[in-house]
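Participant: One structure follows; several queries about it will come next.
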Amino acid sequence: MVFLRLADLTRHGTDILFPHCCAACGKKLFGISERKICENCSGDITFLQHPVCRICGMELVGDKVRENLCGECLGNPPPFLLARSVVRYSTPVQKLLYGLKYGKDTSVLPGIAEIISHFDMALFDQCDYVLPVPLHPGRLRQRGLNQSVLLAKIFFQERAQTILNANSLLRTRNTVPQTTLDGGMRRKNLKGAFAMVNKVGIGEKIVCLVDDVYTTGTTVTECSRVLLYHGAREVRVLTLTRVKMAQCSS
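If you count the sequence shown from 1, position 159 lands on 160 in this note's numbering, and the numbers rise without skipping.
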């Protein structure tokens with residue numbers, strides 16, 4: 002018991018003398034070494050609330066709740082079976098992803114893992130394969146990492162699904178970043194931008210596509226079409242965050 006108490010004292014003393022920082026904002030975290038994100042940032046992170054559209058996962062309000070479908074999926078259903086996101090797009094989440102994607106800052110990964118740990122993965126337990134959405138080789142060289150690969154490893158770290166090499170699905174064109182485009186231009190930008198290089202036995206298999214942000218679903222829609230064309234039985238989509246349609250009319 003004495004040794005345990007001494008160990009606790011040592012740990013708390015280390016936390017005070019050498020506090021680690023919030024993965025999102027950089028604020029020092031004194032005495033709470035098990036936390037990766039500070040209380041202020043945690044308060045600004047909102048998990049998606051049910052009910053959601055049973056296809057695309059968008060939060061539903063009003064009459065849409067009865068149908069369990071959003072207007073877009075009701076009128077023009079996507080090729081994937083379902084999509085789910087963990088949290089709404091917010092400033093702390095934006096900072097985490099920006100640091101990872103553009104700063105190669107992998108120190109944010111424990112913070113992202115802390116968020117993902119609260120997510121129910123039941124809808125993805127039936128997936129046979131996990132495929133991170135690929136970057137164009139030129140963009141991958143520029144960034145030095147593919148954030149979707151790292152997210153896939155966090156999502157499925159304790160599961161038996163095989164994470165496929167992102168290069169199994171090739172991004173054939175170095176497209177303009179989607180964030181600069183509206184809905185119609187997003188679809189045009191990605192039309193024919195993906196091709197299957199290694200089918201790796203996806204025939205009649207359930208494939209989970211992993212990406213960082215779901216905005217309009219254009220990227221995962223194009224990827225899903227390619228996977229289904231090459232024999233996948235169904236595609237399910239998993240992203241860390243979702244941009245509310247009211248925030249991005251695309």
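For each residue, glycine too, the CB sits at the ideal point set by N, CA and C. Computed from a predicted model, the values in this text were never measured in an experiment.
1) Could you give the DSSP three-state label for L182: helix, strand or coil?
2) How is the alpha helix (DSSP H) around L1 delimited, first residue to last?
3) Using only the alpha-carbon positions, how far apart do P111 and L152 sit?
4) Is the beta carbon of I117 less than 8 Å from the beta carbon of F156?
5) Taking just the CA atoms, how far does T222 sit from D126?
6) Anyone know if the C-beta pair for F81 and R243 falls short of 8 Å?
7) Go through its chain and collect everything with a Cβ distance to Q50's Cβ below 8 Å, but skip five positions before and after it.
8) On a CA-only basis, which of K102, R55, L241 is nearest T216? Give me that one, please.
9) Which of helix, strand or coil does DSSP assign to V201?
10) Reducing DSSP to helix, strand and coil, say where T219 ends up.
11) Evaluate C218 with the Cβ neighbour count: other Cβ atoms within 10 Å of its Cβ, from every protein chain shown; 16 or more gives buried, anything less gives exposed.
12) Expressed to the nearest angstrom, what Euclidean distance is found between the alpha-carbon atoms of A84 and L136?
13) Rounded to whole angstroms, what's the CA-CA distance from F195 to N77? Just pull it up for me.
14) Whose CA, out of P93, Q162, I113, L132, lies closest to the CA of K28?
Facilitator: With the given structure in hand:
1) Bear in mind that a pLDDT of 48 at L182, under 50, signals an unreliable position, so the model cannot answer this.
2) Residue coverage of the chain in this structure runs from 2 to 251, which leaves residue 1 outside it and unanswerable.
3) Cα to Cα, the separation comes out at about 11 Å.
4) Contact: yes.
5) Each residue's Cα considered, the two are about 21 Å apart.
6) In this structure, F81 lies away from R243, with their beta-carbon atoms at least 8 Å apart.
7) Correct list, in chain order: E60.
8) Relative to the Cα of T216, the nearest Cα in the group K102, R55, L241 belongs to L241.
9) In the structure shown, V201 sits in coil (DSSP, three-state: anything other than H, G, I, E or B).
10) In the structure shown, the three-state DSSP call for T219 is helix.
11) Here residue 218 turns out to be Gly, not Cys, going by the sequence shown. By the 10 Å Cβ count, G218 comes out buried.
12) Spanning the two alpha carbons is a distance of roughly 20 Å.
13) Near 21 Å, if we compare the C-alpha coordinates of N77 and F195.
14) Ranking the options by Cα distance to K28, first place goes to P93.
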